[in-house]
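Heads up, the sequence shown is in UniProt numbering, so the first residue is 1 and it goes up one at a time. The beta-carbon is built from N, C-alpha and C at its ideal position, and this holds for glycine as well.
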Amino acid sequence: MSSSLPAELIRKEIAALPTYNAGLAMDRFREIYGLDCLAKLDSNESPLGASPAAIAAMQAQAPGIARYPDAGNAALRAQIAESCDTTPAKVIIGNGSEDLIGALFRATLRDGDHVVTICPSFGLHEFGALACGARVTKVPFAADWRFPLSGLRDAMKEPTRILIFASPSNPAGPAICEKDFRALLDFTPQDTFIAFDEAYLEYVAQEQRFDAMAILARSGHAWIVLRTFSKAYGLAGIRVGYGIASDEELIKALMKTRNPFGVNALAVAAAREAFDDRAHLAEVIALAASERQRVGTALRKMGYDCAPSQTNFIFFDTGALAVDFAEALRGKGILIKAWLEEPFGHWARVTIGTPAENDAFLAAVPERES
1 MSSSLPAELI
11 RKEIAALPTY
21 NAGLAMDRFR
31 EIYGLDCLAK
41 LDSNESPLGA
51 SPAAIAAMQA
61 QAPGIARYPD
71 AGNAALRAQI
81 AESCDTTPAK
91 VIIGNGSEDL
101 IGALFRATLR
111 DGDHVVTICP
121 SFGLHEFGAL
131 ACGARVTKVP
141 FAADWRFPLS
151 GLRDAMKEPT
161 RILIFASPSN
171 PAGPAICEKD
181 FRALLDFTPQ
191 DTFIAFDEAY
201 LEYVAQEQRF
211 DAMAILARSG
221 HAWIVLRTFS
231 KAYGLAGIRV
241 GYGIASDEEL
251 IKALMKTRNP
261 FGVNALAVAA
271 AREAFDDRAH
281 LAEVIALAAS
291 ERQRVGTALR
301 KMGYDCAPSQ
311 TNFIFFDTGA
321 LAVDFAEALR
331 GKGILIKAWL
341 EEPFGHWARV
351 TIGTPAENDA
361 FLAAVPERES
């Protein structure tokens, strides 16, 4: 006997949401396409993997998995707080930074609230807000890929609960400069909460870095900075992210809206070791920087327009429907991500992999017709 859901069971905000544009796992790729994957470059994972110390830490913790982990993640919070010159009470750990984005929206948004972000953007900056009944204004990047200060100023003329954006940007790649960041804070209304997503911070060149948290702390705004162990630290498969906030009361609220046991004991053990392995992190960053330059140069020589990147990926105009372009590469064993957010349906994002993976990608990409 078949059953049907009650007509009003699913909230209309949820039914209307797009499906998240996730990368394709390698086992699923083999199952669907009957091919071995030559280069998995669709999810911005680290080609060098996790620190060996992080893997060893998970193995050491394995005998204890019958016990619940510390719900407060006290040891990792203290470690991060010491590194970032704050207190553990202003730090929160999540099941990836996506977990914390959702917790923030659930804790703060009311039906009809206004959220401002940039376009193109990380999907959950938009979808998570829409799921809570908010309205979202997406401000497109300037033509030269500078952060759209005038557009953001105009968008926040309407009362705005949250301004949320990433720098470096996912999927585009540019990083906001300190001058523009300060200007943005100057015109953001004091009652607008700022969520600054630094998932790709580690990849930013030293000469372009600045201490966003110190600037935020002096701004008078309420804020949270979001970071992750999924990218440069190579822990995407175990899901650990963290947030550092302006106020302890915000962290207390987010602890109520996230899953109390959302971060497992093996993940915390790995994150603690990965955070301290600076040599491995430096190797990851150096490889991404050198290969990003090489791949970007090659794509431009083949006629592709690329956004400037301070990340471990490149966003480029395929000159066609990106889903078709990406599908053609899948037939050659190459995975990249076609962007589905309008008006960027001709753009795709390719992760910077190992030199061999990048060579396989470049060999599969056709010369663009002029």
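- Residue 121 counts as buried, since no fewer than 16 other beta carbons sit within 10 angstroms of its beta carbon.
- Remark: C-beta atoms of residue 54 and residue 274 approach each other more closely than 7 Å.
- Between residue 271 and residue 202, the alpha-carbon positions lie close to 15 Å from each other.
- Across the structure, residue 67 and residue 233 are spaced so that their CA atoms are roughly 26 Å apart.
- If you ignore the 5 residues before and after residue 262, its C-beta comes within less than 7 Å of the C-beta of 94, 95 and 99, all in its own chain and listed in chain order.
- Taking C-beta separations shorter than 8 Å and ignoring five residues to either side along the sequence, the partners of residue 174 in its chain run 141, 145, 146, 147, 167, 168, 307, 308, 309 and 310, following chain order.
- Residue 59 counts as exposed, since fewer than 16 other beta carbons sit within 10 angstroms of its beta carbon.
- Under the DSSP assignment, residue 151 falls in the alpha helix (DSSP H) whose first and last residues are 149-155.
- Looking at the backbone, the Cα of residue 316 and that of residue 298 are separated by about 12 Å.
- Contact between residue 195 and residue 164 holds: CB atoms are separated by about 4 Å, below the 8 Å threshold.
- Taking 7 Å as the cut-off, the beta carbon of residue 193 is found closer than this to the beta carbon of residue 222.
- Going by DSSP, residue 236 is part of no alpha helix (DSSP H) at all; its letter is neither H nor E.
- If one requires a minimum length of 3 residues, the beta strand (DSSP E) runs lying completely within the region 222-280 are 223-228 and 241-245, in chain order.
- With a cutoff of 7 Å on beta-carbon distance, residue 160 and residue 225 are scored as not near each other.
- Classified as buried, residue 45 has 16 or more neighbouring CB atoms from the shown chains inside 10 Å of its CB.
- Under the three-pair Cβ rule at 8 Å, the region 18-38 does not count as touching the region 235-252.
- Per DSSP, the unbroken beta strand (DSSP E) holding residue 91 starts and ends at 91-94.
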